[in-house]
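Novice: Protein chains in written order, with the working numbering: chain F, 45 to 92; chain G, 777 to 1018.
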Amino acid sequence: MTGGIIIGGWEYVIAAYAITFTVLGGYTATLLARTRKSKRGQDQEPSR
Amino acid sequence: MAGNSNEKRPLLAYGSIALAVVLFAIGSYIGLFVAPPEHFMGEVQRIMYVHVPTAWVALVTLLWAFVSALGFLFLRKWKWDSRMEASIEVGVLLSFLLCMQGSIWAKPTWGVWWDWDPRLTTTAVMLFAFIGILALRRFVEDPVRRATWSAVATIVAFADVPIVYFSVKWWNSLHQVQSTPQTVDSPMITPLRINAFAMLFLMMGLVGLRTRLAARRLENELAPPLPERETETRAIAAGGEA
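Printed below as a string of structure tokens:
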């Protein structure tokens, strides 16, 4: 840091974007997988 | 209950997620490589393009949880319970991300990963309050009690959400005041807006998918037992084999 101005800092930017898209992507992937599994279960379930 | 709508493919949710991916790609490219660095914070300010949309959409998601809680208590329809469960889970995820991004931004700008200033403290309280409601939903097996108790808890926990929003105005906070088109320079507005819409569409897609899952589980919990299952249960109770 020089005179109140931050020099560099790309590593923080990369970390923030990486965490954001990893968490969002991971959660989306698990939800899609659970939705498919639920749909399969629904198709296989005998009708009431 | 969701009934027939659950059997259809959740095309709207998939479309919303796909649109979010495209918008995120465009918004993040502009935010990272086209928008100029801020005068004092330099490149670090680029975190704003994911942090601020996460904050806006986290609060909107928890507002939807609050509306759903009221919907369940006043209308007594199960679909509101599914919506509440979905929006709390997605809201917790976004609030957790919000704290992580904020912490990463705080280190180079404030010199610390965390500070107990009003904005950060109220956000942490909000996060843990809604995590508590998710935990409550896991522990209560009776669907009626689970839905009623968590709806009341959601209404109580939501009281913190406006406090989070206004904390930077009400108290002397280390955190800066809300970013708006009036406080952000014009070249920085475009990626901020694109990513805000991306986050909104992603949230809508995720809440849509999660609502269907919650509705499906409720359907199984509330459905009368199948005749085969009843026979099996009777056989097991009689000590024989099904």
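C-beta: ideal position from N, C-alpha, C; glycine also.
For clarity, every value in this text was computed on a predicted model and none was experimentally measured.
At 4 residues or longer, and completely inside the stretch 944–1007 of chain G: list those alpha helix (DSSP H) runs for me, N to C.
Specialist: DSSP runs (the alpha helix (DSSP H)) wholly in the stretch 944–1007 of chain G: 962–998.
Novice: Since F816 (chain G) meets chain F, which of its residues come closer than 9 Å, beta carbon to beta carbon?
Specialist: Numbered from its first residue, the second sequence carries residue 816 (chain G) at position 40. Correct list: G48, I49 and I50.
Novice: Cα separation between G867 (chain G) and Y71 (chain F)?
Specialist: Translated into positions along the second sequence, residue 867 (chain G) becomes position 91. Translated into positions along the first sequence, residue 71 (chain F) becomes position 27. Their Cα atoms are separated by approximately 12 Å.
Novice: Can you tell me whether E783 (chain G) is buried or exposed, with buried defined as 16 or more other CB within 10 angstroms of its CB?
Specialist: By one-based count along the second sequence, residue 783 (chain G) stands at place 7. Low local confidence applies: a pLDDT of 49 at E783 (chain G) is under 50, so the model's placement there is unreliable, and no value is given.
Novice: Apply the 10 Å Cβ neighbour rule to L838 (chain G) and answer buried if 16 or more other Cβ atoms are within range, or exposed otherwise.
Specialist: Taking the first residue of the second sequence as 1, we reach residue 838 (chain G) at position 62. The residue is buried, with at least 16 neighbouring Cβ atoms inside 10 Å.
Novice: Given F977 (chain G), which residues of its chain have a CB within under 6 Å of its CB, disregarding the five upstream and five downstream residues?
Specialist: If you number the second sequence from 1, residue 977 (chain G) lands on position 201. Spatial neighbours of F977 (chain G) in its own chain (CB-CB distance under 6 Å, excluding positions within 5 residues in sequence) are listed in chain order as S792, L795 and A796.
Novice: Just to confirm before moving on: does the CB-CB distance between A927 (chain G) and A845 (chain G) stay below 8 Å?
Specialist: The count along the second sequence starts at 1 and reaches residue 927 (chain G) at position 151. The count along the second sequence starts at 1 and reaches residue 845 (chain G) at position 69. In contact: A927 (chain G) and A845 (chain G) (Cβ atoms closer than 8 Å).
Novice: Would you verify that the beta carbon of R84 (chain F) is, or is not, closer than 8 Å to some beta carbon of chain G?
Specialist: The sequence position of residue 84 (chain F) within the first sequence is 40, counting from 1. Judged by the 8 Å Cβ criterion, R84 (chain F) is not in contact with chain G.
Novice: Please list, in chain order, the residues of the stretch 931–957 of chain G that have any C-beta partner in chain F closer than 9 Å.
Specialist: none
Novice: In the structure shown, what three-state DSSP assignment does E814 (chain G) receive?
Specialist: Within the second sequence, the letter at position 38 stands for residue 814 (chain G). Reduced to three states, the DSSP call for E814 (chain G) is strand.
Novice: Sorted by chain position, which residues of the same chain lie with C-beta nearer than 6 Å to A862 (chain G)'s C-beta, five sequence neighbours on each side aside?
Specialist: The residue labelled residue 862 (chain G) in the question sits at position 86 within the second sequence. Cβ neighbours of A862 (chain G) beyond the five flanking positions: V983, R986, T987 and A990.
Novice: Let me know the secondary structure DSSP gives I51 (chain F) once reduced to three states.
Specialist: Within the first sequence, the letter at position 7 stands for residue 51 (chain F). Reduced to three states, the DSSP call for I51 (chain F) is coil.
Novice: Comparing the C-beta of M876 (chain G) with each C-beta of chain F, is any distance below 8 Å?
Specialist: Locating residue 876 (chain G) in the second sequence gives position 100, counting from the first residue. With 8 Å as the cut-off, M876 (chain G) counts as an interface residue toward chain F.
Novice: For the stretch 48–82 of chain F, which residues have a beta carbon sitting closer than 8 Å to at least one beta carbon of chain G?
Specialist: G48, I49, I50, I51, G52, G53, W54, Y56, V57, A59, A60, Y61, I63, T64, F65, V67, L68, Y71, T72, L75, L76, R78, T79 and S82
Novice: Rounded to whole angstroms, what is the Cα-Cα separation between D961 (chain G) and M902 (chain G)?
Specialist: The residue you call residue 961 (chain G) lines up with position 185 of the second sequence. The residue you call residue 902 (chain G) lines up with position 126 of the second sequence. Between the alpha carbons of D961 (chain G) and M902 (chain G) lies a gap of roughly 30 Å.
Novice: Thinking C-alpha only, which one of F:I49, F:G47, F:A60 and F:I50 is nearest G878 (chain G)?
Specialist: For the purposes of this step, residue 878 (chain G) is taken as the residue at position 102 of the second sequence. Among F:I49, F:G47, F:A60 and F:I50, the Cα nearest to that of G878 (chain G) belongs to F:A60.
Novice: Can you list, in chain order, the residues of the stretch 784–795 of chain G whose Cβ is nearer than 9 Å to any Cβ on chain F?
Specialist: R785, P786, A789, Y790 and I793
Novice: Any idea what DSSP makes of W890 (chain G), helix, strand or coil?
Specialist: Translated into the one-based positions of the second sequence, residue 890 (chain G) becomes position 114. W890 (chain G): coil per DSSP, three-state reduction.
Novice: Please report whether the beta-carbon of L978 (chain G) lies at a distance below 8 Å from any beta-carbon of chain F.
Specialist: Your numbering for residue 978 (chain G) matches position 202 in the second sequence. Taking Cβ atoms only, chain F reaches closer than 8 Å to L978 (chain G), which makes this a yes.
Novice: Is the shortest distance between the beta-carbon of E819 (chain G) and the beta-carbons of chain F less than 8 Å?
Specialist: Looking up residue 819 (chain G) in the second sequence gives position 43. Output row for E819 (chain G): interface = yes.
Novice: What whole-angstrom Cβ distance do M975 (chain G) and T830 (chain G) have, given they're in contact under 8 Å?
Specialist: Taking the second sequence and counting its residues from 1, one reaches residue 975 (chain G) at position 199. Taking the second sequence and counting its residues from 1, one reaches residue 830 (chain G) at position 54. Yes, they are in contact, since the Cβ atoms of M975 (chain G) and T830 (chain G) sit about 6 Å apart, within 8 Å.
Novice: With a CB to CB cut of under 8 Å and the five nearest residues on each side skipped, what residues in its chain are close to L835 (chain G)?
Specialist: Here residue 835 (chain G) corresponds to residue number 59 of the second sequence, with the count starting at 1. Same-chain partners within the cutoff: V937, V940 and Y941.
Novice: Please list the terminal residues of the continuous alpha helix (DSSP H) segment that includes I931 (chain G).
Specialist: Along the second sequence, read from residue 1 onward, the residue named residue 931 (chain G) stands at position 155. Per DSSP, I931 (chain G) belongs to the alpha helix (DSSP H) from P919 to F934.
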